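**Student:** So for the sequence shown, the UniProt record's numbering puts the first residue at 1; every next one is plus one.
All C-beta atoms, glycine included, are put in the ideal place defined by N, C-alpha and C.
No experiment lies behind these values; they were computed from the predicted model shown.
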Amino acid sequence: TPVLFLYVFVLVLSGWMGFLFGILTAVISTTKLGGTYVITGLSLSQFLLSGGVWPIEGQSELLRIVSRLTPMGLIGSMMTNISIKGWSLDHPSIIVGISTTLFYIVVLVLLLFVLGKFKKHWWVVQK
């Protein structure tokens with residue numbers, strides 16, 4: 001069952017990435033409605049690009065590269081490869097996917113630290 005633990009680990013990484021992205025959106029947006037628009041727009045575009053409606057194989061080459069680099073597309077393909085194909089951590093595709101996801105998480109944390117230094121009182125609830 002190491003594949004099951006890897007699947008749960010990918011789910012936890014996905015949750016952390018979404019959590020940090022939500023905090024970043026709350027820090028950047030000036031109103032609740034603006035934050036809702038940002039989250040909805042980015043989530044819907046990632047869903048559409050990651051093969052939710054339009055298959056990745058039917059996209060143009062440039063759009064295919066972009067859709068494979070979106071966090072939702074990356075996590076989705078990793079979870080498919082783990083659950084259906086049974087790939088484990090020794091497969092190069094899984095290693096690249098996890099390292100890219102960890103890179104996204106580090107970038108989000110660094111952005112939050114930088115914004116915390118420049119934007120004072122960012123934790124105050126906004127109108």
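So what's residue 53 in DSSP terms, helix, strand or just coil?
**Tutor:** Looking at residue 53 - three-state DSSP - the assignment turns out to be coil, as it is neither helix nor strand.
**Student:** Quick check on DSSP: helix, strand or coil for residue 108?
**Tutor:** It is helical.
**Student:** Does DSSP put residue 16 in a helix, in a strand, or in coil?
**Tutor:** Three-state DSSP puts residue 16 in a helix.
**Student:** Please report the distance separating the alpha-carbon of residue 55 from that of residue 75.
**Tutor:** Spanning the two alpha carbons is a distance of roughly 16 Å.
**Student:** Buried or exposed for residue 71, please, with buried defined as at least 16 other CB atoms from any protein chain shown within 10 angstroms of its CB.
**Tutor:** Classification of residue 71: buried, given that the 10 Å Cβ count is 16 or more.
**Student:** Could you tell me the alpha carbon to alpha carbon distance between residue 110 and residue 73, rounded to whole angstroms?
**Tutor:** Their backbone Cα atoms lie some 23 Å apart in a straight line.
**Student:** Please determine if the stretch 20-27 and the stretch 97-110 are in contact, where contact requires at least 3 C-beta pairs separated by less than 8 Å.
**Tutor:** In short, these stretches touch, since the Cβ pair count reaches three.
**Student:** Does the stretch 88-107 come close enough to the stretch 1-9 that 3 or more CB-CB pairs lie under 8 Å?
**Tutor:** Taking 8 Å as the limit for Cβ pairs, the verdict is that the stretch 88-107 does touch the stretch 1-9.
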